[in-house]
Every structure is written in structure tokens, then in C-alpha cells.
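Asks: Chains G and V supply the protein sequences, listed in that same order.
Taking the numbering used here, the leading residue of the first sequence gets 1022, the next gets one more, and so forth.
Taking the numbering used here, the leading residue of the second sequence gets 1022, the next gets one more, and so forth.
Where is the CB? At the ideal position from N, CA and C, for every residue including glycine.
Quick caveat, the model's predicted, so the values are computed rather than measured.
2 protein chains.
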Amino acid sequence: MVDIIHRVGIKASPEKVYSALTTLEGLAHWWTEDTEGNAALGGTIRFSFRSPAGDFIGKMAMTVQELKAPDEVRWLCTEGPSDWVGTSITFQLSRQDNQTIVLFGHRNWAESTEFMAHCSMKWATFLLSLRAYVETGAGKPSPGDLKIDNWN
Amino acid sequence: MVDIIHRVGIKASPEKVYSALTTLEGLAHWWTEDTEGNAALGGTIRFSFRSPAGDFIGKMAMTVQELKAPDEVRWLCTEGPSDWVGTSITFQLSRQDNQTIVLFGHRNWAESTEFMAHCSMKWATFLLSLRAYVETGAGKPSPGDLKIDNWN
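1. How should V/LEU1112 be labelled, buried or exposed, when 16 other C-beta atoms within 10 angstroms of its C-beta is the threshold for buried?
2. Kindly list, in the order they appear in chain G, the residues whose Cβ is closer than 9 Å to that of V/ASN1171.
3. I need the DSSP call for G/GLU1036, collapsed to helix, strand or coil.
4. Keeping to the same chain, check which residues put their C-beta closer than 6 Å to that of V/ALA1082; ignore five residues upstream and five downstream.
5. Going along chain G in order, which residues have a C-beta closer than 7 Å to the C-beta of V/ILE1078?
6. Would G/HIS1127 count as contacting chain V if we go by Cβ distances under 7 Å?
7. Look up G/ILE1031 in the DSSP assignment and give the residues it is bridged to.
8. Is the shortest distance between the beta-carbon of G/ILE1026 and the beta-carbons of chain V less than 7 Å?
9. In chain G, what lies closer than 8 Å to V/SER1133 by C-beta?
10. Exposed or buried, what is V/PHE1147 when buried is set at 16 or more other beta-carbons lying within 10 Å of its beta-carbon?
11. Hey, would you say V/LEU1097 sits closer than 7 Å to V/SER1109, going by beta carbons?
12. Could you give the first and the last residue of the continuous beta strand (DSSP E) run that contains G/TRP1096?
13. Determine, using beta carbons only, whether V/SER1141 comes closer than 7 Å to chain G.
14. Go to G/VAL1155, then tell me how far its beta strand (DSSP E) extends in each direction, as first and last residue.
15. I'd like the list of long-range same chain contacts for V/LYS1179, defined as Cβ closer than 6 Å, with 5 residues on each side in sequence excluded.
16. Counting beta carbon pairs with one atom in the stretch 1134-1144 of chain V and one in the stretch 1136-1151 of chain G, are three or more of them shorter than 8 Å?
17. On the DSSP bridge list, what partners appear for G/ASP1055?
18. I want to verify the contact list: residues of chain V whose CB lies under 8 Å from the CB of G/LEU1148, in sequence order.
19. Terminal residues of the continuous beta strand (DSSP E) containing V/GLU1087?
20. State whether the stretch 1162-1171 of chain V contacts the stretch 1045-1053 of chain V, with contact taken as three or more CB pairs (one from each stretch) at a distance under 8 Å.
21. Return no unless some Cβ of chain G is closer than 7 Å to the Cβ of V/ALA1138.
22. What separation, rounded to the nearest whole angstrom, lies between the Cα atoms of V/VAL1023 and V/ALA1131?
23. Hey, is G/ALA1145's beta-carbon within less than 7 Å of any beta-carbon in chain V?
24. Are the CB atoms of G/VAL1029 and V/ILE1026 nearer to each other than 7 Å?
25. Suppose you measure from the CA of G/ALA1159 to the CA of V/SER1072; what does that come to, to the nearest Å?
26. When the Cα of V/LEU1062 is compared with those of V/GLY1126, V/LEU1042, V/ALA1138, which residue comes out closest?
Given below as C-alpha cells:
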């Protein structure tokens, strides 16, 4: 099993970052505008992605496995690209030097692939989108997300 | 051993991207302005990093282990943060959909740590800097690099 991990610092309170990770409205402002479902513990959140022209790219379903306000969020991917199903996504928050530090993990990939490399890069840009949303009110969720290669 | 991998697409020829990865001038435009040494096969390139205020942050030495124009570059880290020494850094270039695809790897970390998560995020932003430099002429090398957390 292999993991994607990233670390980003956000100049805002852990509570504000946690809200952006645990509410449909928050998630829609930095990951994808097309976010729906139940963001409570045990619920399933559905995320759909489109190109700027409106073409469908893909969708994921995440079951919320852990919510510890304002420290930790864990999802289990139950639908999505085959490489994603069964992987877990975690956000661990801590406070350091007047920043909220987000330790992000997308863990338990079966193997290291070029698609995983794409997703690692893409997650980094979405974490910058999360930071921009929390700090300024304006993120870059899909379909207005930063395109990083020929895949998305 | 664990790896950081990223994938980014650049709208330019492989030769132009390869030049940005294999010349002191190219490297100084997207990773750190303070780049010196010998970029030829078997040579050692020295990279130093400073804060915008001029404070020293760190330095790395990379021995050039492989140069296959315009497809592949591999460095071995011989000096730097202890976690980096002995790791390898690779850039594999291919042409797809009118983009040069860069498959980046920073491989053979002894373990998955919070510092590795920081470096993964930081590499993603430097790869965006590489893309910006190659596509527009203006990257964001240190000390003008994008700060991503309380560490750098």
C-alpha cells in the first residue's frame, strides 16, 4: 500500500478550516461545486467533476468515517475511479505559529501509478484552493479548478 | 522505502523542458536562484535556499546520475536534510496531447513523515513554477517561491 501525503498551513482558526472540510457548502467552495449528500458521521458525500465546458469527468462517493472537531476528518472512498475505491482520505489539523496546519493523506493505494502521480499533484492544487477559500473566501473548485496536465 | 510522485503537463517541447532541468540557468529560474556547480553527467549541482528576507534555509547537493535527452534526468542527493541524503530525484518526460508530461519522483525516503508531506506539497508548487517558467519565462524560484506552511 502506498500513500499521498501533503502538508499546508492556513492563516485561519482550526474551526474555520474544519468547517470547510465538513460541510457541503465548505467543500463546494474548494473541491467541486457539485457536492451533495450527508456530511455527518456515517453519511455519504457525493462529489461530481466536470470540465469548464460542462463535460462529465468523474464522481466519487465518500463515507464519513471520523469527525473529531476541530482536529480530524476521515473519509472512506466507496465509489469512484477503481484505484480510489477502498482508499482513505484524512485531514489532521493542528495549530502552529499562528497557522492551522493541515496534514493531508490519501492512503492505501494498491500501487504507485502514473494516475496516482496525477492525483498527488491535483490534491496539492486543491489544498491551495482550500487555503485560498478559507483565507480569502475564494477557492478554485471544479469546474474552475487549475488544470495540471492532459488528464485534468 | 516511500516515494513522492507528481505528474504535470507543460505546453512546450520536451527539449525546452529538458533544458530547464539540466542547465544551471534553467534550474535557477524555477527551483532556486542560488544554483551552482556542474550540471553535466557525473557532476554535482549545489542548490541553496533563502527566505525572502535573506535568511539561510538550507542547501542540497545533487549528483547527476542520468541524462537521456530529452526523456529522463536522475539526481542522487548527496548533501542536504538528513532525510534527503541517499534519495533520488527523477524527471521522466513524454509527449501527449501536445503537452510535455513530466513524471516527477522523489524516491527512497526511509519513512513517511510530516516533513515528507511538506516536501511533497512544496515539490508540487515548484513543478507549477517549472511549468510557468517554461511556458511564460517567469517561474517562482527561491527566495520568491510560494510559501506553503510555517516551515517554508
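Replies: Judging by the given coordinates:
1. Within the second sequence, residue 1112 of chain V is the residue found at index 91, counting from 1. Reading off the sequence shown, one finds Phe at residue 1112 of chain V, where the question assumed Leu. When all chains shown are included, V/PHE1112 counts as buried.
2. By 1-based counting over the second sequence, the position of residue 1171 of chain V is 150. Neighbours of V/ASN1171 on chain G, chain order: GLY1030, GLN1117, ASP1118, ASN1119, GLN1120, ILE1122.
3. In the first sequence, counting from the first residue as 1, residue 1036 of chain G sits at position 15. It is helical.
4. Translated into positions along the second sequence, residue 1082 of chain V becomes position 61. Taken in chain order, the residues that qualify are THR1065, ARG1067, THR1099, GLU1100.
5. Stepping through the second sequence from its first residue, residue 1078 of chain V is reached at position 57. Correct list: empty, because the minimum Cβ distance to chain G is about 15 Å.
6. Position 106 of the first sequence, counting from 1, holds the residue named residue 1127 of chain G. Not one chain V Cβ lies under 7 Å of G/HIS1127.
7. Here residue 1031 of chain G refers to the residue found at position 10 when the first sequence is read from its first residue. DSSP, once it has assigned bridges, lists G/THR1121 as partnering G/ILE1031.
8. Translated into the one-based positions of the first sequence, residue 1026 of chain G becomes position 5. G/ILE1026 counts as touching chain V.
9. One-based indexing of the second sequence puts residue 1133 of chain V at position 112. Ordered by position in chain G, the residues that pass the 8 Å Cβ test against V/SER1133 are ASP1024, ILE1026.
10. Indexing the second sequence from 1 puts residue 1147 of chain V at position 126. Its Cβ being crowded by 16 or more others within 10 Å, V/PHE1147 is buried.
11. Start at 1 with the first residue of the second sequence, and residue 1097 of chain V comes out as number 76. Start at 1 with the first residue of the second sequence, and residue 1109 of chain V comes out as number 88. In this structure, V/SER1109 lies closer than 7 Å to V/LEU1097 by Cβ.
12. Position 75 of the first sequence, counted from the start, is the residue given in the question as residue 1096 of chain G. It spans 1093-1100 - the beta strand (DSSP E) in which G/TRP1096 sits, taken as one unbroken run.
13. For the purposes of this step, residue 1141 of chain V is identified with residue 120 of the second sequence, where counting begins at 1. At least one C-beta of chain G is nearer than 7 Å to the C-beta of V/SER1141.
14. Indexing the first sequence from 1 puts residue 1155 of chain G at position 134. Unbroken run through G/VAL1155 is the alpha helix (DSSP H), 1135-1157; no beta strand (DSSP E).
15. This structure does not reach residue 1179 of chain V, given that chain V is present from 1022 up to 1173, and the question cannot be answered.
16. yes
17. Residue 1055 of chain G sits at position 34 when you count from the first residue of the first sequence. According to DSSP, G/ASP1055 bridges with G/SER1069.
18. Counting from 1 along the first sequence, the entry for residue 1148 of chain G is found at position 127. By Cβ distance, chain V contributes MET1142.
19. Position 66 of the second sequence, counted from the first residue, corresponds to residue 1087 of chain V. Its beta strand (DSSP E) spans residues 1077-1089.
20. A contact exists between the stretch 1162-1171 of chain V and the stretch 1045-1053 of chain V.
21. Your numbering for residue 1138 of chain V matches position 117 in the second sequence. Closer than 7 Å to some Cβ of chain G, the Cβ of V/ALA1138 qualifies, so yes.
22. The residue labelled residue 1023 of chain V in the question sits at position 2 within the second sequence. The residue labelled residue 1131 of chain V in the question sits at position 110 within the second sequence. So the two alpha carbons sit approximately 7 Å from each other.
23. Residue mapping note: residue 1145 of chain G aligns to position 124 of the first sequence, counting from 1. Answer yes: the Cβ-Cβ gap between G/ALA1145 and chain V drops below 7 Å somewhere.
24. Reading the first sequence from its first residue, position 8 is the one you call residue 1029 of chain G. Reading the second sequence from its first residue, position 5 is the one you call residue 1026 of chain V. Not a contact, by the Cβ cut-off of 7 Å.
25. Within the first sequence, numbered from 1, the residue matching residue 1159 of chain G stands at position 138. Within the second sequence, numbered from 1, the residue matching residue 1072 of chain V stands at position 51. Answer to the nearest angstrom: the Cα atoms are 27 Å apart.
26. Working through the second sequence from its first residue, we reach residue 1062 of chain V at position 41. Of the candidates V/GLY1126, V/LEU1042, V/ALA1138, the one whose C-alpha sits nearest the C-alpha of V/LEU1062 is V/LEU1042.
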